[in-house]
Every structure is written in structure tokens, then in C-alpha cells.
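Accompanying notes for the structure given below.
Structural data, given as C-alpha cells:
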């Protein structure tokens, strides 16, 4: 199986619709924890900047389809990100995760106290939910 390109493993983009599109990939352990920590900082800055420039809570979509595993340290980094961004985010949605990854996301939601963080099978479902006002 081909290795995922580095630029696809840890990606941060702001779409023309204002939604922050993120992607995570690979095993979130070992040397990848350094890249994950850098990515977490970049994500926090993007969310904070977007909020401070618009004063509108930010919508976030995260592609986790390429995540193949994680270490406890990754859970800590991601939980801390969810807590730090709690006041800036309207809704965050992931898509594409396996059952194993979905279980980890439920744990992240619980640990962070975020009720506006959900998982979906497809990008379209995730986008519909973060864009919904209901």
C-alpha cells in the first residue's frame, strides 16, 4: 500500500464558503506526534484567526479517512485542541473514519465537553450538519 503524501496527512485549508477543511492521516504516534502537534497549533491559529476576522463561530470539517491508528498522546493533543477552540467553533464534524477511529472521536467529544462535535460517514453529511442552523 502506498504511503500517504505528507501534505495530505496534516492539512489545513479555509474554503471559499468559510468552512475550515482539515485532514489527518497515518498513524498518530511516534514521529507523527511531532507533525500532529505542529498541525494542532496551525489548526488553532486558523480557527482563532477566522473567528477574530469575522466574529462568527467557525465551521470545521475534518477528513479522518486516512487515519490508521493513534497513541494516547494524540488523544491528549486533539482533546486540548477541542477545548481551546470551544468558544470559537459553531460545529466540528469528521468524516470517513473506521469504527476504531469513530470510537476515539466519541472519547474526544466526551473528554473535551464538546456537544458540537460529531462524526459522519461522508463529507456531504458532515458539511450539511456544520452548515445547518437546526
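Numbering (the numbering used here), first residue to last: 1029 to 1162.
Here a beta-carbon is modelled for each residue, glycine too, at the ideal position from N, C-alpha and C.
For residue 1144, the three-state secondary structure derived from DSSP is coil. Taking all protein chains shown into account, residue 1133 has 16 or more neighbouring C-beta atoms within 10 Å of its C-beta and is therefore buried.
Taking the C-beta atoms as reference points, residue 1162 is found no nearer than 9 angstroms to residue 1120.
Looking at the backbone, the Cα of residue 1146 and that of residue 1137 are separated by about 8 angstroms. Within the region 1029 to 1095, the complete beta strand (DSSP E) segments of 3 residues or longer fall at 1038 to 1042, 1048 to 1056, listed in chain order. Residue pairing of residue 1122 in beta bridges, as defined by DSSP: 1090, 1147. Shown here, residue 1162 sits in coil according to DSSP, grouped into three states, outside any helix or strand. Looking from the CA of residue 1125, the closest CA among 1139, 1099, 1094 belongs to 1094. For residue 1042, same chain residues with a beta-carbon under 8 angstroms away, outside a window of 5 residues either side, are 1048, 1049, 1074, 1078 in chain order.
About 20 angstroms separates the Cβ atoms of residue 1099 and residue 1072, ruling out a contact at the 8 angstroms cut-off.
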